[in-house]
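Engineer: Take a look at this one; I'll ask things after.
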Ligand code: NAP
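Spelled out as structure tokens, the structure:
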């Protein structure tokens with residue numbers, strides 16, 4: 373099917389395509405390139421903002437980079453091998469994604485400024501009808517949702533936070549107009565974002581107060597003993613070496629505690645080497661198993677905390693006043709700026725996008741009724757021809773999410789091919805296949821470090837269920853998603 377008319381707000385025109393992709397981040401772009409390369413038919417990408425990049429467009433905090441080596445944190449068809457190897461900064465990754473969208477000819481397929489409001493499966497026509505919030509309408513046989521998991525900032529409810537008189541912003545909504553030079557800055561949170569921005573702020577600000585609730589495990593940056601960055605090998609080999617090195621960690625995260633003890637020893641030695649003050653060291657020593665929260669990698673985080681201008685505050689925050697942060701012990705610390713490095717609302721994007729499947733029942737209603745359940749994190753029974761990218765339980769604590777995205781893109785293409793091969797119009801995963809996958813997944817998750825490691829993290833919901841991570845090796849996911857099993861699906 374080719375384009376009918378361009379959909380424009382208020383014109384009432386409906387744009388038709390074979391595939392509609394929502395989002396132009398790593399996932400949506402990967403899907404778009406996959407569709408283009410496979411010649412899988414006409415497609416349109418709807419992107420709410422004015423540029424590609426998703427999380428790498430939104431997160432612009434100082435020091436922002438990806439802690440996965442770029443040769444692995446890139447598409448297999450376009451390995452991003454930086455000069456000097458290692459990890460790419462946010463501007464480099466954004467530039468990489470811009471280049472991919474241009475070089476693979478998918479930019480022209482993207483409608484920017486198109487924020488999707490809702491979607492509805494038309495049973496009779498076997499088509500998805502999608503509307504943007506400004507009223508543009510789209511009709512497509514297949515719908516791919518690549519809206520990402522981590523982009524709605526979570527701001528803690530701290531009494532008085534609204535009364536703060538100075539600049540206050542979240543790490544993912546960095547206010548670059550605020551000059552931090554010489555200012556007293558409070559950073560709340562010590563996760564993956566904080567560990568990257570704290571060294572930058574410590575160097576720039578007059579004084580830094582780091583409010584820590586739970587200390588993270590921090591490893592030195594260079595963890596690859598294979599030293600792929602120094603070996604003159606091709607991008608493909610460097611990628612493979614980096615991949616298999618990362619997979620070793622998966623064994624530990626899903627195995628007994630003894631397997632990750634050597635890693636804890638490594639992190640402890642790193643802390644001992646970098647922090648001399650015993651009291652600060654104690655405050656920075658985690659009391660849970662490594663890997664339970666995301667393992668952080670930094671060589672300059674601990675040194676930044678030992679600077680004379682930096683103070684690590686472990687007393688809980690009780691209140692924020694117009695010019696100060698007050699902790700539970702009653703200490704009032706005046707500050708000029710507050711940075712919330714407090715993470716994201718994980719269920720955000722999918723929970724907010726009403727997608728009505730068979731019988732008019734939305735994805736959200738299904739999940740409220742039955743719990744968050746999918747098949748392979750990609751399809752949901754009752755939502756024919758709809759596919760999630762980076763859906764529930766497809767995140768990784770040990771390797772590159774791009775590997776998972778590419779597994780999903782292949783699966784979506786295989787599902788479309790199955791529909792064509794069978795001369796059908798739609799495919800829906802069977803409820804029993806979904807239930808079987810779900811039961812097996814959660815059985816494996818129960819003993820993994822994220823649930824058994826003695827910590828709380830965004831990986832695990834308040835009810836104790838891990839809806840975020842894939843347990844075990846990522847290659848298992850690749851194998852599991854490689855084919856679309858006919859017997860697990862209904863075609864019609
Ligand atoms: P996060 O890991 O969820 O960390 C949030 C931090 O804020 C935690 O230290 C948390 O403490 C703290 N916090 C939350 N509410 C608080 C409160 N009321 N008072 C005090 N502290 C509070 O968020 P993030 O650092 O933005 O990272 C989120 C995810 O983004 C990562 O896990 C990762 O998947 C991704 N990310 C990746 C990279 C990369 O290089 N690949 C970089 C940045 C982010 P508790 O630990 O006590 O809850």
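Numbering (my numbering), first residue to last: 373 to 864.
Idealized CB from N, CA, C, for every residue including glycine.
Is the closest heavy atom of the ligand NAP to the C-beta of residue 822 under 7 Å?
Structural biologist: In the chain shown, the residue the question calls residue 822 occupies position 450. Flag unset: Cβ of residue 822 not near the ligand NAP.
Engineer: For residue 863, which residues of its own chain have a beta-carbon under 6 Å away from its beta-carbon, when the five flanking residues on both sides are left out?
Structural biologist: Residue numbering aside, residue 863 sits at position 491 when the chain shown is read from its first letter. The residues are 794, 796 and 799.
Engineer: Could you pull out every residue in the same chain whose Cβ sits closer than 8 Å to the Cβ of residue 652, ignoring the five residues on either side in sequence?
Structural biologist: Reading the chain shown from its first residue, position 280 is the one you call residue 652. So the list reads 677, 678 and 684, once near-sequence residues are dropped.
Engineer: If we require 4 or more residues per run, which alpha helix (DSSP H) segments fall completely within the stretch 518-585?
Structural biologist: Fully enclosed alpha helix (DSSP H) runs of 4 or longer: 564-576.
Engineer: Taking the C-alpha atoms as reference points, what is the distance between residue 854 and residue 844?
Structural biologist: Numbered from 1 along the chain shown, position 482 holds the residue referred to as residue 854. Numbered from 1 along the chain shown, position 472 holds the residue referred to as residue 844. Straight-line Cα distance between these residues: approximately 17 Å.
Engineer: In the DSSP assignment, find the unbroken alpha helix (DSSP H) run with residue 405 in it and report its ends.
Structural biologist: Here residue 405 corresponds to residue number 33 of the chain shown, with the count starting at 1. Per DSSP, residue 405 belongs to the alpha helix (DSSP H) from 398-410.
Engineer: Would residue 469 pass as a contact of residue 401 if the rule is Cβ separation under 8 Å?
Structural biologist: The count along the chain shown starts at 1 and reaches residue 469 at position 97. The count along the chain shown starts at 1 and reaches residue 401 at position 29. The answer is yes: Cβ separation under 8 Å.
Engineer: Can we count residue 568 as close to the ligand NAP, meaning its CB is less than 7 Å from some heavy atom?
Structural biologist: Numbered from 1 along the chain shown, position 196 holds the residue referred to as residue 568. Within the cutoff, so yes.
Engineer: Does any heavy atom of the ligand NAP sit closer than 7 Å to the C-beta of residue 866?
Structural biologist: This structure leaves residue 866 out entirely; the chain is present only between 373 and 864.
Engineer: With distances taken from CA atoms, which of 492, 693 and 632 is nearest residue 530?
Structural biologist: The residue you call residue 530 lines up with position 158 of the chain shown. Ranking the options by Cα distance to residue 530, first place goes to 693.
Engineer: Does the beta carbon of residue 586 fall short of 7 Å from some heavy atom of the ligand NAP?
Structural biologist: Position 214 of the chain shown, counted from the start, is the residue given in the question as residue 586. Residue 586 Cβ: within cutoff of the ligand NAP.
Engineer: If we ignore side chains and look at the alpha-carbon of each, how far apart do residue 502 and residue 419 end up?
Structural biologist: Taking the first residue of the chain shown as position 1, residue 502 is located at position 130. Taking the first residue of the chain shown as position 1, residue 419 is located at position 47. Roughly 13 Å between the two C-alpha positions.
Engineer: Exposed or buried, which one is residue 597 when buried takes at least 16 other CB atoms within 10 Å?
Structural biologist: Your numbering for residue 597 matches position 225 in the chain shown. Legend: pLDDT at residue 597 = 46, less than 50; position of this residue unreliable, value from coordinates given subsequently. Its Cβ having fewer than 16 others within 10 Å, residue 597 is exposed.
Engineer: Which ranges does the alpha helix (DSSP H) cover as unbroken runs of at least 4 residues, wholly within the stretch 603-671, from first to last along the chain?
Structural biologist: Counting only runs of 4 or more, we get 607-625, 633-646 and 650-655.
Engineer: If residue 481 and residue 415 are in contact, beta carbons under 8 Å, what's the gap, nearest whole angstrom?
Structural biologist: Here residue 481 is taken as the residue at index 109 of the chain shown, counted from 1. Here residue 415 is taken as the residue at index 43 of the chain shown, counted from 1. Contact holds; Cβ gap of about 6 Å.
Engineer: Taking 8 Å as the threshold, find out whether the stretch 560-569 comes into contact with the stretch 706-717 through three or more Cβ pairs.
Structural biologist: Contact holds: three or more Cβ-Cβ distances are below 8 Å.
Engineer: For residue 733, which residues in the same chain have their Cβ closer than 7 Å to its Cβ, ignoring the five residues on either side in sequence?
Structural biologist: Looking up residue 733 in the chain shown gives position 361. These residues qualify, in order along the chain: 754.
Engineer: Does the ligand NAP have even one heavy atom less than 7 Å from the beta-carbon of residue 666?
Structural biologist: Residue 666 sits at position 294 when you count from the first residue of the chain shown. True, at least one ligand heavy atom lies under 7 Å from that Cβ.
Engineer: Would DSSP call residue 840 helix, strand or coil?
Structural biologist: Numbered from its first residue, the chain shown carries residue 840 at position 468. Coil at residue 840, not helix or strand.
Engineer: Note the first and the last residue of the continuous beta strand (DSSP E) segment covering residue 697.
Structural biologist: What you label residue 697 is simply residue 325 of the chain shown in a count that begins at 1. Counting along the chain, the beta strand (DSSP E) containing residue 697 begins and ends at 696-699.
Engineer: Which term fits residue 616, buried or exposed, when burial requires 16 or more other beta carbons within 10 angstroms of its beta carbon?
Structural biologist: As a position in the chain shown, residue 616 is number 244, starting the count at 1. By the 10 Å Cβ count, residue 616 comes out exposed.
Engineer: Alpha carbon to alpha carbon, how far is residue 668 from residue 821? Give it in angstroms, no decimals.
Structural biologist: What you label residue 821 is simply residue 449 of the chain shown in a count that begins at 1. What you label residue 668 is simply residue 296 of the chain shown in a count that begins at 1. Those two C-alpha atoms are separated by around 16 Å.
Engineer: Assign residue 820 to one of three DSSP states: helix, strand, or coil.
Structural biologist: Translated into the one-based positions of the chain shown, residue 820 becomes position 448. Of the three classes helix, strand and coil, the one that applies to residue 820 here is coil, per DSSP.
Engineer: How would you call residue 632, buried or exposed, if buried means at least 16 neighbouring beta carbons within 10 angstroms?
Structural biologist: Along the chain shown, one-based indexing puts residue 632 at 260. The residue in question, residue 632, is buried, as its Cβ has 16 or more Cβ neighbours within 10 Å.
Engineer: So, with DSSP's three-state summary, where would you put residue 832?
Structural biologist: The residue you call residue 832 lines up with position 460 of the chain shown. It is a strand residue.
Engineer: What residue from 492, 697, 487 and 427 has the CA that sits closest to residue 756's CA?
Structural biologist: For the purposes of this step, residue 756 is identified with residue 384 of the chain shown, where counting begins at 1. Measuring from the Cα of residue 756, the nearest candidate turns out to be 492.
Engineer: Any idea which residues DSSP pairs residue 862 with across the strands?
Structural biologist: The residue labelled residue 862 in the question sits at position 490 within the chain shown. In the DSSP output, where bridge partners are listed per residue, residue 862 has 800.
Engineer: Go through the stretch 746-805 residue by residue and report every complete run of the alpha helix (DSSP H) that reaches 4 residues or more, in order.
Structural biologist: DSSP runs (the alpha helix (DSSP H)) wholly in the stretch 746-805: 773-793.
Engineer: Name the one or two DSSP bridge partners that residue 501 has.
Structural biologist: Taking the first residue of the chain shown as position 1, residue 501 is located at position 129. According to DSSP, which records beta bridges pairwise, residue 501 is partnered with 492 and 511.
Engineer: Around the C-beta of residue 702, are 16 or more other C-beta atoms found within 10 angstroms, so that it is buried, or is it exposed?
Structural biologist: What you label residue 702 is simply residue 330 of the chain shown in a count that begins at 1. Exposed: under 16 other Cβ atoms inside 10 Å.
Engineer: Helix, strand or coil for residue 728 per DSSP?
Structural biologist: Within the chain shown, the letter at position 356 stands for residue 728. DSSP places residue 728 in strand when its eight states are reduced to three.
Engineer: Is the beta carbon of residue 842 less than 8 Å from the beta carbon of residue 727?
Structural biologist: Your numbering for residue 842 matches position 470 in the chain shown. Your numbering for residue 727 matches position 355 in the chain shown. Contact flag unset, no.
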